[in-house]
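Participant:
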Amino acid sequence: MDGQGGDHPRTASALSAAPQFPRTNQLEKPQTTGGTPAGPILLVDDDLAVLEALRRVLHFDGWNVVTASSGEAALQYLQTHEVSLLITDLSMAAVSGWDLLFHENLQRPNLPIFVITALPPSSVGGADRFAHEFFPKPVDLDALLAAVRRYLRAAR
92 MDGQGGDHPR
102 TASALSAAPQ
112 FPRTNQLEKP
122 QTTGGTPAGP
132 ILLVDDDLAV
142 LEALRRVLHF
152 DGWNVVTASS
162 GEAALQYLQT
172 HEVSLLITDL
182 SMAAVSGWDL
192 LFHENLQRPN
202 LPIFVITALP
212 PSSVGGADRF
222 AHEFFPKPVD
232 LDALLAAVRR
242 YLRAAR
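So the mapping is simple: my numbering equals the position in the sequence shown, first residue as 1, plus 91.
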């Protein structure tokens, strides 16, 4: 093996089967306008009940919230829109919260990303170290709101 990984047939097929993510050149911190963050909070979860409950809590607290019920929908939105904060579930089909976490860390390293998950801490594979905040389900809403306020009000 030459260390490149491309000579092994299983590696090449695994790479070709991996999801392809769009590239952007936006590596800057989101711009702010009028003392408020430039974009909404993007909330991503494939559990529609959780998605709607968290959207309502964040909206009631005064935040502009956009939702996506899949990682694919979130990536499509992120191709053309700026967001101030990404909150994503970790376990989703196809494009997971893991995928979003790593993709956005590469594309927008200053974007705060919060992870929510029902997985036990031993099963998150270090996602808690890559996310700015990590919340087990059921989400402690007071802790989530405090973290949102801390990150987004600091950006004002």
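No residue lacks a Cβ here, since even glycine has one placed at the ideal position from N, Cα and C.
No experiment lies behind these values; they were computed from the predicted model shown.
Kindly provide the ranges of any beta strand (DSSP E) runs that are 3 or more residues long and lie completely inside the stretch 169 to 244, ordered along the chain.
Facilitator: Runs found: 176 to 180, 204 to 208, 224 to 227.
Participant: Determine whether the beta carbon atoms of V156 and L134 lie at a separation below 7 Å.
Facilitator: Result yes, Cβ atoms of V156 and L134 sit closer than 7 Å.
Participant: Of the choices P203, H194, K228, whose alpha-carbon is the least far from that of Q170?
Facilitator: Of the listed residues, the one whose Cα sits closest to Q170 is H194.
Participant: Have a look at the DSSP bridge pairing and note the partners of L145.
Facilitator: The partner list for L145 (beta bridge, DSSP) is empty, contrary to what the question assumes.
Participant: Please go through the same chain and pick out, in chain order, the residues whose beta-carbon is closer than 8 Å to the beta-carbon of A185, but skip the five residues on each side of it.
Facilitator: The answer, listed in chain order, is P110, S161, G162, E163.
Participant: Out of curiosity, what's the CA-to-CA distance linking L176 and I132?
Facilitator: Using only the alpha carbons, I get a separation of about 5 Å.
Participant: Excluding the 5 residues flanking L235 on each side, which residues of the same chain have their C-beta closer than 7 Å to its C-beta?
Facilitator: Once the five neighbours on either side are set aside, the close Cβ partners of L235 are F226.
Participant: State the CB to CB distance for the pair V174 and G188, rounded to an integer number of angstroms; the pair is presumed to be in contact (CB under 8 Å).
Facilitator: With 8 Å as the limit, V174 and G188 do not qualify as a contact, their Cβ atoms being about 15 Å apart.
Participant: Do R147 and T158 have their C-beta atoms closer together than 7 Å?
Facilitator: Taking 7 Å as the Cβ cut-off, R147 and T158 do not qualify as a contacting pair.
Participant: Alpha carbon to alpha carbon, what distance is there between V230 and G153?
Facilitator: Taking the straight line from one Cα to the other gives about 19 Å.
Participant: Would you mind working out which of T208, L166, N196 sits nearest D180, comparing C-alpha positions?
Facilitator: Nearest of T208, L166, N196 to D180, Cα basis: T208.
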